[in-house]
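Engineer: Okay, so the sequence shown: first residue is 650 according to the working numbering, each after it adds one.
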Amino acid sequence: MKRNISDLNQIGLLLDLVHTKNMSRTAQRLGKTTSAISKNLQRLREELCDPLFIRQLSGLEPTTYTLTLAAKLSKIQKDIDAAFDSELFAPKLYRGKITLAANVALLHYYQPKLLITLLEQAPLANFEIVQWQEDSYQKILDGSINAGLHFLNENCTQSITQYVVQRHEIMLMTGAKHSAITASEALLSPLAILKIHGWNTDAVRFSRYLYQREVEHSVRLQCEDLGSLFACLEYSDSVSPLPSFLSYKNLKALPLDERGNEISSVVCIPSTHRNEPLYQWLVALIKSLKVASA
């Protein structure tokens, strides 16, 4: 039985489907329509004399033949990518969809400049920016989110590469009328904590910092909404440890007595895609958002 692939582009399509198990996601990643992916898949099935994928509740499950073939084609695809690397991706010509996720704090800080930069560099693309959720790491891995903007997570899977964008000093934020003038005085008041999915939902990181220094404290509020947290600080005696860039007009920022308590913002992409031009461009673009005063 003679089997062949008549179009080299079909190799990338097949490998991507093995990864995503979803025609819509592969269409987004390759900048094509779902209908086009379906037609190309049917063509591959005819050329390779195999169903290639079996539709199940979990998605398109590759056949044994597909998995064996994909292992062999991966090296071929890398050679093809290397040969045409300079021509693979031109942001100004890209017409696909790009989905980014960011946690609530970094979304507040970076989004205006991020949107402008994306539209300038890739004017033909479609963009979706969503708030970081508990499943965002998994969505980055399966390709439904291209890249994420988050805080450095030492427990993050090695399947995701984290590139540091910049470091941010942690300050204690209080209402403008709060009586405290030092961090030590502020910590006599109850804490209000900004909860961020995939970073501090399991434990209050600032509490760990304080326990290590034997500082007594209490946590009054844990909140996911930034506006609600700001209102709590403005109209109560609560204080909150926040990145310095989240200073707000009706709040005052007190530096910690012991300097050096910082967090890093990072851009997250699948480790398997770190050499792909689209992902390299996204990483470089997001890292260019760095603000010296943050």
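Glycine residues also receive a C-beta, built at the ideal position from the N, C-alpha and C atoms.
Values in this document were obtained by computation on a predicted structure and should not be read as measured data.
#1: Is it right to say Arg678 is buried, meaning 16 or more other beta carbons lie within 10 angstroms of its own, or is it exposed?
#2: Residues in its own chain within less than 8 Å of Gly727 by CB, not counting five upstream and five downstream?
#3: Taking just the CA atoms, how far does Gln811 sit from Ala777?
#4: Could you tell me the distance, in whole angstroms, from the CA atom of Thr715 to the CA atom of Gly745?
#5: What residue from Gln861, His827, Ser887 has the CA that sits closest to Gln871's CA?
#6: Out of Ser684, Asp791, Gln815, Lys721, point me to the one whose CA is closest to Pro892's CA.
#7: Evaluate the contact criterion for the stretch 744-764 versus the stretch 788-808: three or more CB pairs, one atom per stretch, below 8 Å.
#8: Answer yes or no: do Leu840 and Ser889 have a C-beta to C-beta separation smaller than 9 Å?
#9: Starting from Arg692, trace the beta strand (DSSP E) in both directions and tell me its first and last residue.
#10: Smallest Cα separation from Lys939: which of Lys762, Ala676, Thr683, Arg674?
#11: Quick one: is Ala941 buried, meaning 16 or more other Cβ sit within 10 Å of its Cβ, or exposed?
#12: Let me know the secondary structure DSSP gives Ile654 once reduced to three states.
#13: Which runs of the beta strand (DSSP E) spanning at least 3 residues fall entirely within the stretch 832-917, listed in chain order?
#14: Could you tell me the distance, in whole angstroms, from the CA atom of Ala754 to the CA atom of Lys936?
#15: I believe Ile686 touches Thr675 by the beta-carbon criterion, under 8 Å. Please report the beta-carbon distance rounded to the nearest angstrom.
#16: Please state if the CB of Leu843 and the CB of Ala832 are separated by a distance shorter than 9 Å.
#17: Express the C-alpha separation of Asp665 and Asn775 in angstroms, rounding to a whole number.
Structural biologist: With the structure as the only source:
#1: buried
#2: First, the amino acid is wrong: residue 727 is Lys here, not Gly. Closer than 8 Å at Cβ, skipping near neighbours: no residue.
#3: It should be noted that the sequence gives Glu, not Ala, for residue 777. Cα to Cα, the separation comes out at about 21 Å.
#4: Straight through space, the alpha carbons of Gly745 and Thr715 are spaced by roughly 26 Å.
#5: It is Ser887 whose Cα lies nearest to the Cα of Gln871.
#6: Gln815
#7: yes
#8: yes
#9: No beta strand (DSSP E) contains Arg692, which is instead part of the alpha helix (DSSP H) from 683-697.
#10: Taking Lys939 as reference, the option from Lys762, Ala676, Thr683, Arg674 with the minimal CA-CA separation is Lys762.
#11: Unreliable placement is indicated for Ala941, whose pLDDT of 49 sits below 50; no coordinate value is reported for it.
#12: coil
#13: 840-843, 868-872, 889-892, 900-904
#14: 16 Å
#15: The beta-carbon distance between Ile686 and Thr675, rounded to whole angstroms, is 6 Å. This is short enough to meet the 8 Å contact definition.
#16: Their beta carbons are not under 9 Å apart, which means Ala832 does not touch Leu843 by this criterion.
#17: 20 Å
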